[in-house]
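Notes for the one structure printed next.
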Amino acid sequence: MSTPHISANVGDFAETVLMPGDPLRAQYIAENFLDDAVQVTGVRNMYGFTGTYKGKPVSIMGSGMGIPSMSIYARELIVSFGVKNIIRIGTCGGIGSDIKIRDVIFAQGASTDSNVNRARVRGTDFAAIANFDLLLNGVNAAKDLGIDAKVGNVFTTDTFYQADDTFYKDLDKLGVLAVDMETAGLYGVAAEYGAKAMALFTVSDHVITGEATPADERQTTFNEMVKIALESI
Ligand code: HPA
């Protein structure tokens, strides 16, 4: 059974799928964190793998960048492959003044400048929120690993390159912690098709201070986040 963007059989995916943006990161997680991982799809090089972590079945698949790409894969995973839980593991741009690069942030809710969630309910402002159980498990897993994660509202934008930082400063005034490009779409799709979703990120850069994580440190912080996500399952 294949969908337009996933070539796999029903049963090839575990009920829980971790989704980094980059398919090569999916491959890296499968090779370094899972036991008995096998590749289950590779359409457009958007790789998906299934294996086990501490004996529990889990899949990892790239989402690509932006709400449209994430929404396509999330919908097909849920509707056609029976996926029940999607955990996005990504990077974000820090917004808040108390947010530092390398911080781990859980997206309790995801505001957006995209129209996708308004389109879901007759133009109303649907509140895109994380599933509480997944969020709680994630926050507890971070605590158990000694990682002081932050939890709150994030902003999912369609526009990576903003004209200036005044937009982010306005979001900061509303307590928005960080910006990404996928989470509001993921939360909307999960709600629409009856799955659970949650997103956590590491802060790769700060959109107001301009600080950025050095390339050689990105892998370390990424590994921390993967550990949190896997331990939370
Ligand atoms: N903007 C949007 N998404 C991001 C950013 C950013 O600055 N950094 C990492 N993901």
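Sequential numbering of the sequence shown, starting at -7, is according to the working numbering.
Glycine included, every Cβ here is placed at the ideal spot set by N, Cα and C.
For Val146, the enclosing beta strand (DSSP E) has its first and last residue at 142 to 148. If you check the CB distance, Lys92 and Gly86 come in under 8 Å. Between Met190 and the set Ile200, Ala141, Phe98, the nearest pair of CA atoms involves Phe98. Comparing alpha carbon positions, the residue from Asp117, Arg94, Asn24, Ala102 closest to Leu222 is Asn24. Ile52 is bridged by DSSP to Leu10, Phe41. The continuous beta strand (DSSP E) containing Ala102 extends over residues 96 to 104. Buried is the label assigned to Thr213, since at least 16 other Cβ atoms lie within 10 Å of its Cβ. Within 10 angstroms of the beta-carbon of Glu174 lie 16 or more other beta-carbons, which makes it buried.
Within the same chain, Ile59, Ser63, Ala176, Gly177, Gly180 come within 8 Å of Val108 by CB-CB distance, once the 5 residues on both sides are set aside. Per DSSP, Ser196 is one residue of the beta strand (DSSP E) stretching across 188 to 198.
Judged by beta-carbon spacing, Glu184 lies beyond the 8 Å limit of Lys76, meaning their Cβ atoms are not closer than that value.
For Ser55, the CB stays at least 7 Å from every heavy atom of the ligand HPA. Secondary structure of Ala29 (DSSP, three-state): strand. Three or more beta-carbon pairs separated by less than 8 Å are not found between the stretch 44 to 54 and the stretch 136 to 150, which leaves the two stretches without contact.
Here the alpha carbon of Met11 sits roughly 5 Å from the alpha carbon of Gly54. The criterion of a C-beta distance shorter than 8 Å is satisfied by Ile78 and Ala66.
In the DSSP assignment, Asn77 falls within the beta strand (DSSP E) that extends over 77 to 86.
Ordered by chain, the residues meeting the criterion of a beta-carbon within less than 6 Å of a non-hydrogen atom of the ligand HPA are Thr83, Cys84, Gly85, Thr149, Phe152, Val171, Asp172, Met173, Ser196, Asp197, Val199.
Straight through space, the alpha carbons of Asp172 and Gln154 are spaced by roughly 13 Å. Residue range 170 to 172 is occupied by the beta strand (DSSP E) that includes Asp172, with no alpha helix (DSSP H) assigned at that position.
Shown here, Ala207 sits in a helix according to DSSP, grouped into three states.
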